[in-house]
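See below for the structure under consideration.
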Amino acid sequence: MTDITPLRATSEKRQSVRALRLGRRLRLTGLEAADINQAEAITTSPLILRLGGGGIAALLPYGTVVLIGVSPGEEEALLQKLGGRVESRLDAPVIVASEISIGTSEGISGDIITVRDLSPARLVAVADALAKNVALAFEEEEVRNVLEALEPIASDLASSGQLPWKRRRMLRTVGHALLTHHRLLERVEVEERPELLPNDGETGRLHDRLAEAYHFKKRAKALSRKLDAVEVMMTALTELIDAQRGIRLETMIVLLIMLEISVYLYDLFLRPG
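Read in order, the letters of the sequence shown correspond to residues 20 to 292 in the working numbering.
Quick look at the structure:
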C-alpha cells in the first residue's frame, strides 16, 4: 500500500458514494494512473485513484468501481476510459448509492458510513465493503430472475405431471439458468478481508462493522442455498427433457415400424392383381 498523507475531507461533511457493478471482470493489468486524466494513485492493490476533481475512484478486478465524491461528469469520463476493459459488460450497471461522513466514531447508520478520515487503509476498507455489497446485490438479482423463470415450469410439472408443450421456450429458460449458474460460480469471496488490511486495529474493525451491517455472511449463505436449488432444478429438468426426447424417439420408431407393417400387409393381401 502506498504510504501517503490521509486525504482531507471536502468542505461538506458528507460526500456521495456510488458502487457500480459494470460487468463480470475489470481488466486492470497495465492500467496506470496516468491513463486517467489528472489522476493520482493512492494505492495500487487495490487500485485507488484520486481524480483531478478531488474525488476518489477504487477499481476492483471483479467488474466493480467505487466512487467517493465524484461528480457526474467525472464519473462519465472515467467509465468511458474503462469501457474497453470491462469483460461481459452488463446491459445496465448495478448501482448502490450511499454517503460517507467524517466523524469521531466509525461505523454505519442507514446509508451513511462514518470514518475518522480518508486514509488509504480506510479507503481500502470502505471500497472493499461497498464493492462486495453491490456484487452481492447483482448476484442476488441474477438468482432471483432465474428462480422466477423456472417457477412456472416447476408449477406446471407439479400440477399436471408433464413438461410444458412450449419446448423452445423451456429450453431457452434452462439455457439462461445454466449460463447464470456458470457465471456465478466465480462469485466474489465476500467473507474475506482485503489482504492489505491488518488483522486487527481500527481499519480491520471498520471493515468488520461494514461486513456485519451489510450481512455478508448471511447473504452469502442464502445465495449458496439458492444456487444449490437452481442446480437441482436444472438437473431434474434436463433429465426430464432427455427422457421426453427418448420417449418421442421411441414413439416415432414404433410408428415407422407400424407403417412398414401396414404397407407390407397391404401389398400382401389388398393390392389388386
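Where a beta carbon is used, it is the ideal one built from N, C-alpha and C, also for glycine.
- ALA156 is positioned such that its CB atom lies no closer than 8 Å to that of THR83.
- For GLU125, there is no enclosing beta strand (DSSP E), as DSSP gives it neither H nor E.
- Three or more beta-carbon pairs separated by less than 8 Å link the stretch 36-43 to the stretch 80-95, which places the two stretches in contact.
- A direct Cα-to-Cα measurement between GLY49 and GLY92 gives close to 25 Å.
- Between the alpha carbons of ASN164 and LEU278 lies a distance of about 46 Å.
- DSSP lists ARG40 as the bridge partner or partners of VAL113.
- Comparing alpha-carbon positions, the option among PHE235, MET252, VAL143, VAL273 lying closest to ALA77 turns out to be VAL143.
- In the DSSP annotation of this structure, the continuous segment of the alpha helix (DSSP H) that includes ALA232 starts and ends at 221-232.
- Residue state for SER107 is assigned as strand, using DSSP reduced to three classes.
- Relative to ASP136, the option among GLU221, ALA60, LEU101 whose CA is nearest is GLU221.
- THR62 carries a strand assignment under DSSP once its states are collapsed to helix, strand and coil.
- In the structure shown, SER35 adopts extended strand secondary structure according to DSSP, grouped into three states.
- Proximity to GLU167 across LEU274, LEU70, SER107, VAL249 peaks at VAL249, based on C-alpha coordinates.
- Counting the other Cβ atoms within 10 Å of the Cβ of ASP110 gives fewer than 16, which makes it exposed.
- Where LEU98 is concerned, the enclosing alpha helix (DSSP H) starts and stops at 91-101.
- By the 16-neighbour rule on beta-carbons within 10 angstroms, ILE272 is exposed.
- Beta-bridge analysis with DSSP links ALA148 to no other residue.
- With a 10 Å radius around the Cβ and a threshold of 16 neighbouring Cβ atoms, GLY88 comes out buried.
- About 11 Å separates the CB atoms of LEU70 and ILE61; that is not less than 8 Å, and the two are not in contact.
- In its chain, beyond the 5 residues on either side, THR133 have a beta carbon closer than 6 Å to the beta carbon of GLY122.
- Under the DSSP assignment, VAL84 falls in the beta strand (DSSP E) whose first and last residues are 83-87.
- Excluding the 5 residues flanking it on each side, ALA52 has same chain C-beta neighbours closer than 7 Å at ALA58, GLU59, ALA60, LEU68, in chain order.
- Using a 10 angstroms sphere on the CB of VAL251, the tally of other CB atoms stays under 16, which defines it as exposed.
- Within the model, the alpha-carbon separation for ASP147 versus ALA241 is close to 21 Å.
- Per DSSP, reduced to three states, the secondary structure at LEU45 is strand.
- Cβ-Cβ distances below 8 Å link ARG33 to GLU118, ILE119, SER120, ILE131 in the same chain, with the five nearest sequence neighbours on each side left out; the list follows chain order.
- Judged by DSSP secondary structure, ILE55 falls outside any beta strand (DSSP E); it is assigned neither H nor E.
- Excluding its 5 nearest sequence neighbours in each direction, ALA230 has C-beta neighbours in its own chain below 7 Å: ALA148, listed in chain order.
- VAL105 sits away from ASN152, with the two beta carbons spaced by 8 Å or more.
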